[in-house]
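Peer 1: In our numbering, the protein residues as written are 406 to 678. C-beta atoms are modelled at their ideal positions from N, C-alpha and C, and glycine is treated no differently. Computed from a prediction, not measured in an experiment: that's the story for all the values here.
Now the structure itself:
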């Protein structure tokens, strides 16, 4: 809805107009008196030219907007945004279809926030039904890649102080202290164990995941290594992972450490929903 700011209070009455972005929307038709100048609602997003990001408005109609860990309403809820908030979106992904919102629409378009969470386009006032930001380069996920929830256990199944124990502790806290994935075996075997337990395993770098590192890659021992992926970033020479890990090369058991490494071929990622 596009409204010019006015400086006089106005008598109002409801009128149904066609919203430029979505469809029928009840707005207030204005006749003549004083109001303080108001921001334009529904205008085209304020884009940041260098990054391709955009500033848009949350429009749920009343309640908070859920932030999801992946482009699906079935993925983990990792936060909320208040109705009417002005937010920055950085890129878009095609995911699970969401139906609802004040525009009464169905869309598979999800927008990513700077911290990596996703929000449905159905509850954003972006000025368009089409994407207003570039596609996500490293986090784009189709419905077939949606993060499945597999078998879990209440306690950490790995040996305390080991690389697997540390990685699973990070998973536990990132999940809201809900549970651990039911994984057993040497680190190099855990991608197969995760698939067997029903978790999603991919070869594309993803944040909020466990990365399984084969023997000999990134200084991993014969048993392999596993770490937690905090963030994924793209540089001119490739994709990089910011890791938190325990018992890394040159470190002892029970010692936490962090490093940023280039994503090598052969790495597998167990995704936290």
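1) Report, in whole angstroms, the separation of the C-beta atoms of residue 651 and residue 568, which I expect to be a contact under 8 Å.
2) To which residues of the same chain is residue 465 closer than 6 Å at the C-beta, ignoring the five residues directly before and after it?
3) Can you tell me whether residue 605 is buried or exposed? The criterion is at least 16 other CB atoms within 10 Å of its CB, across all chains shown.
4) Quick check: the region 575-587 against the region 555-564, are at least 3 beta-carbon pairs closer than 8 Å?
5) Could you check where the alpha helix (DSSP H) with residue 599 kicks off and where it finishes?
6) Under 8 Å by Cβ, that's how I've got residue 668 and residue 646 pegged, so tell me the actual separation to the nearest angstrom.
7) Could you tell me if residue 530 is buried or exposed, where buried requires 16 or more neighbouring beta carbons within 10 angstroms of its beta carbon?
8) By the 10 Å Cβ neighbour count, where 16 or more other Cβ atoms means buried, how is residue 460 classified, buried or exposed?
9) With a CB to CB cut of under 6 Å and the five nearest residues on each side skipped, what residues in its chain are close to residue 545?
10) Quick check on residue 575: does DSSP put it in helix, strand or coil?
11) Going by DSSP in three states, residue 734 sits in which element: helix, strand or coil?
Peer 2: Well, looking at it:
1) Here residue 651 refers to the residue found at position 246 of the chain shown. Here residue 568 refers to the residue found at position 163 of the chain shown. Indeed they touch by this definition, with Cβ atoms about 6 Å apart.
2) For the purposes of this step, residue 465 is taken as the residue at position 60 of the chain shown. Around residue 465: 488 and 528.
3) Taking the first residue of the chain shown as 1, we reach residue 605 at position 200. Buried, because 16 or more other Cβ atoms sit within 10 Å of the Cβ of residue 605.
4) yes
5) For the purposes of this step, residue 599 is taken as residue 194 along the chain shown, with counting starting at 1. From DSSP, the alpha helix (DSSP H) with residue 599 extends over 595-601.
6) As a position in the chain shown, residue 668 is number 263, starting the count at 1. As a position in the chain shown, residue 646 is number 241, starting the count at 1. With 8 Å as the limit, residue 668 and residue 646 qualify as a contact, their Cβ atoms being about 5 Å apart.
7) Taking the first residue of the chain shown as 1, we reach residue 530 at position 125. The residue in question, residue 530, is buried, as its Cβ has 16 or more Cβ neighbours within 10 Å.
8) Walking along the chain shown from the start, residue 460 turns up at place 55. Under this definition residue 460 is an exposed residue.
9) Against the chain shown, residue 545 aligns to sequence position 140. Because residue 545 sits at a pLDDT of 39, beneath the cut-off of 50, its placement in the model cannot be relied upon, and the following sentence gives the value as read from the coordinates. 498.
10) For the purposes of this step, residue 575 is identified with residue 170 of the chain shown, where counting begins at 1. The answer is helix: DSSP assigns residue 575 an H, G or I state.
11) Outside the shown range of the chain (406 to 678) lies residue 734, about which nothing can therefore be said.
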